[in-house]
Amino acid sequence: MRFSLACVCLVFFSGTCVSLSADASAAASQWVVSSPGAEARWSVGSLHYITWKAPENSTGSRVRIEYSTDSGASWKAVADNARNTGRHLWKVPDSVSTNCLLRIAPLEGGPTAQVRFSIIPSQEVPNYQWVNVTAKAAYAPRDGAGALVFKGLMWLLGGWNPNDKVYFPRICNNEVWSSADGARWTLVKPNTFLDDRFDSNSDWEGRHTAGYVVYRGKMWIVGGDANQGHYQNDVWNSEDGKNWNHVNKGRDVPWGPRVLHYTLAFDDKIWVMGGQTIPQIAPEEEVFYRDVWHTTDGVHWVRVQPAEPYWSARGMIGGNVVF
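Using this note's numbering, the letters of the sequence shown correspond one by one to residues 328 to 650.
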């Protein structure tokens, strides 16, 4: 393995050359490298998409992508003649450095977008081993709770346990827990979803299998389940897990009714995809969805129409992956 003190990766586009820092200000150039981002650390041998944004009038052009491991003194090609699709899959080379650059530019000449990042030693290990941190967490057993990483802590939101009438008097609860190590948990917000006196405008109803994301410095809950005999078409967010803001009060999401949808944060937006209704629990015609929506504020939603062919209608979608 070769080690150097500095790496540089550049992406070239048609026109004059404009160098961008790791902060890649869009104001400095029409071309912007979005990945790797500032302070990105990519390990040797790993696969990553290099992504960029280009002006609309450059859609048909082709680009040259290069990287440097010596602060720009010399350059090596990632792709000499790549389509300007906005992304290119790259296997990170065997050159470790804390100061790398990558640049993209159009073949026809034009501004160059450049970003600084790091290449770190391979993170590959021969065997992974799980360690049981605790078998007796402070919170009661549950299903479908929200799980997020936010402000250096792990967070557990709500959940479902119909057999536990103490901690889940209405099947689901809305308590919030946090932990720095997975062993010791702190109750940040106790369950307030106790009986018919609950005010759904002051706090979110107990739920499970909702949409949970971290977005713009806050934790978000997007939609919910149908266990209360209706569909939860609300959106909430919080900066601390204790105090929650009803984002779309008096304005249900336009993609309801649905549950078991796929929710994630990507490209500075919150996305909702697929999902279904469950008429056996809450009266609605049975529907499985294959639509896609996004929002920047949780109130105003835009429906995106994917180009065919794409995935079939589905619900009960697990996971949350951006790659």
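Note that CB positions come from ideal geometry on N, CA and C, so glycine has one too. Computed from a predicted model, the values in this text were never measured in an experiment.
Task: Where Ala-537 falls, given that 16 or more other Cβ within 10 Å makes a residue buried - done: By 1-based counting over the sequence shown, the position of residue 537 is 210. Burial call: buried.
Task: Reference Val-648, options Met-600, Ile-608 and Ala-609, closest by Cα - done: Residue numbering aside, residue 648 sits at position 321 when the sequence shown is read from its first letter. Among Met-600, Ile-608 and Ala-609, the Cα nearest to that of Val-648 is on Met-600.
Task: Distance, Arg-630 Cα to Phe-520 Cα - done: The sequence position of residue 520 within the sequence shown is 193, counting from 1. The sequence position of residue 630 within the sequence shown is 303, counting from 1. For Phe-520 and Arg-630, the distance between alpha carbons rounds to 32 Å.
Task: Length of the line joining the Cα atoms of Ala-365 and Arg-391 - done: Here the question's residue 365 lines up with position 38 in the sequence shown. Here the question's residue 391 lines up with position 64 in the sequence shown. Their Cα atoms are separated by approximately 21 Å.
Open item on the list: What does DSSP give as the partner residue(s) for Asn-490 in the beta ladder?
Closed with: In the sequence shown, counting from the first residue as 1, residue 490 sits at position 163. According to DSSP, which records beta bridges pairwise, Asn-490 is partnered with nothing at all.
Task: Cβ neighbour criterion (16 or more within 10 Å) applied to Val-540 - done: Taking the sequence shown and counting its residues from 1, one reaches residue 540 at position 213. When all chains shown are included, Val-540 counts as buried.
- [ ] Assign Thr-412 to buried or exposed, taking buried as 16 or more other Cβ atoms, counted over all protein chains shown, within 10 Å of its Cβ.
- [x] The residue you call residue 412 lines up with position 85 of the sequence shown. Thr-412 comes out exposed.
TODO: List the endpoints of the continuous beta strand (DSSP E) containing Phe-477.
DONE: Position 150 of the sequence shown, counted from the start, is the residue given in the question as residue 477. Per DSSP, Phe-477 belongs to the beta strand (DSSP E) from 473 to 477.
Open item on the list: Buried or exposed, going by whether 16 or more other CB atoms sit within 10 Å of the CB of Tyr-394?
Closed with: Working through the sequence shown from its first residue, we reach residue 394 at position 67. Counting Cβ neighbours within 10 Å, Tyr-394 comes out buried, since at least 16 surround it.
Task: Residues of its chain near Ala-402, where Cβ-Cβ distance is below 6 Å and the 5 sequence neighbours each way are ignored - done: Here residue 402 refers to the residue found at position 75 when the sequence shown is read from its first residue. Note that residue 402 is Trp in the sequence shown, not Ala. The residues are Glu-393 and Ser-395.
Open item on the list: What does DSSP give as the partner residue(s) for Trp-504 in the beta ladder?
Closed with: In the sequence shown, the residue the question calls residue 504 occupies position 177. Paired residues: Leu-483 and Leu-514.
Task: Reference Val-515, options Lys-569, Ala-467 and Asp-491, closest by Cα - done: Here residue 515 corresponds to residue number 188 of the sequence shown, with the count starting at 1. Ranking Lys-569, Ala-467 and Asp-491 by Cα distance to Val-515 puts Lys-569 first.
TODO: Quick one: grab the DSSP three-state call for Ser-398.
DONE: By one-based count along the sequence shown, residue 398 stands at place 71. Reduced to three states, the DSSP call for Ser-398 is coil.
TODO: Indicate whether Leu-434 and Tyr-376 have their beta-carbon atoms separated by less than 8 Å.
DONE: Within the sequence shown, numbered from 1, the residue matching residue 434 stands at position 107. Within the sequence shown, numbered from 1, the residue matching residue 376 stands at position 49. Going by C-beta atoms, Leu-434 is not nearer than 8 Å to Tyr-376.
- [ ] Would you identify the three-state DSSP class for Asn-408, choosing helix, strand or coil?
- [x] On the sequence shown, position 81 is the one that residue 408 refers to. Reduced to three states, the DSSP call for Asn-408 is strand.
TODO: Check whether the Cβ atoms of Glu-611 and Thr-622 lie closer than 8 Å to each other.
DONE: The residue labelled residue 611 in the question sits at position 284 within the sequence shown. The residue labelled residue 622 in the question sits at position 295 within the sequence shown. Contact flag unset, no.
Open item on the list: Alpha carbons only, please: which of Trp-620, Val-586, Val-574 and Gly-583 is nearest the one belonging to Lys-596?
Closed with: Looking up residue 596 in the sequence shown gives position 269. Comparing Cα positions, the closest option is Trp-620.
TODO: Work out the CA separation of Ile-608 and Ser-529 for me, nearest whole Å.
DONE: Position 202 of the sequence shown, counted from the start, is the residue given in the question as residue 529. Position 281 of the sequence shown, counted from the start, is the residue given in the question as residue 608. Those two C-alpha atoms are separated by around 25 Å.
Open item on the list: Considering just the uninterrupted stretch of the beta strand (DSSP E) at Tyr-653, what are its terminal residues?
Closed with: The chain is shown from 328 up to 650; residue 653 falls before or after that span and cannot be answered.
TODO: Return the chain-ordered list of same chain residues with a C-beta closer than 6 Å to the C-beta of Thr-461, the five sequence neighbours on each side being excluded.
DONE: Within the sequence shown, residue 461 is the residue found at index 134, counting from 1. Here the set comprises Ala-510.
TODO: Evaluate Glu-532 with the Cβ neighbour count: other Cβ atoms within 10 Å of its Cβ, from every protein chain shown; 16 or more gives buried, anything less gives exposed.
DONE: Numbered from 1 along the sequence shown, position 205 holds the residue referred to as residue 532. Buried: at least 16 other Cβ atoms inside 10 Å.
- [ ] Give the secondary structure of Arg-385 by DSSP, where H, G and I count as helix, E and B as strand, and everything else as coil.
- [x] In the sequence shown, residue 385 corresponds to position 58, counting from 1. The question names Arg, but residue 385 is Ser in the sequence shown. Looking at Ser-385 - three-state DSSP - the assignment turns out to be helix.
Open item on the list: What residue range does the beta strand (DSSP E) around Lys-463 cover?
Closed with: In the sequence shown, counting from the first residue as 1, residue 463 sits at position 136. Careful: Lys-463 lies outside any beta strand (DSSP E) and carries neither H nor E.
TODO: Compare the Cα-Cα distances from Asn-575 to each of Gly-625, Val-614 and Ala-467 and report the closest residue.
DONE: Along the sequence shown, read from residue 1 onward, the residue named residue 575 stands at position 248. Looking at the Cα atoms, Gly-625 is the closest of the given residues.
TODO: Taking Pro-581 and Trp-628 to be in contact with their CB atoms under 8 Å, please state how far apart those CB atoms are, rounded to whole angstroms.
DONE: Working through the sequence shown from its first residue, we reach residue 581 at position 254. Working through the sequence shown from its first residue, we reach residue 628 at position 301. So it is a contact: roughly 5 Å between Cβ atoms.
Open item on the list: Which complete beta strand (DSSP E) runs does the region 534 to 569 hold, if anything under 3 residues is left out?
Closed with: 538 to 542, 545 to 549 and 562 to 565
- [ ] Check whether the Cβ atoms of Trp-369 and Val-419 sit closer than 8 Å, and answer yes or no.
- [x] Along the sequence shown, one-based indexing puts residue 369 at 42. Along the sequence shown, one-based indexing puts residue 419 at 92. A contact, by the Cβ cut-off of 8 Å.
Open item on the list: Closest to Asp-523 by C-alpha separation, out of Arg-543, Met-546, Ile-548 and Pro-496, would be which residue?
Closed with: Translated into positions along the sequence shown, residue 523 becomes position 196. If we check each option's Cα against that of Asp-523, Pro-496 comes out closest.
Task: Contact check, His-588 vs Gly-550, beta carbons under 8 Å - done: In the sequence shown, counting from the first residue as 1, residue 588 sits at position 261. In the sequence shown, counting from the first residue as 1, residue 550 sits at position 223. Result yes, Cβ atoms of His-588 and Gly-550 sit closer than 8 Å.
Open item on the list: I'd like the list of long-range same chain contacts for Glu-451, defined as Cβ closer than 7 Å, with 5 residues on each side in sequence excluded.
Closed with: In the sequence shown, residue 451 corresponds to position 124, counting from 1. So the qualifying residues of the chain are Gly-372.
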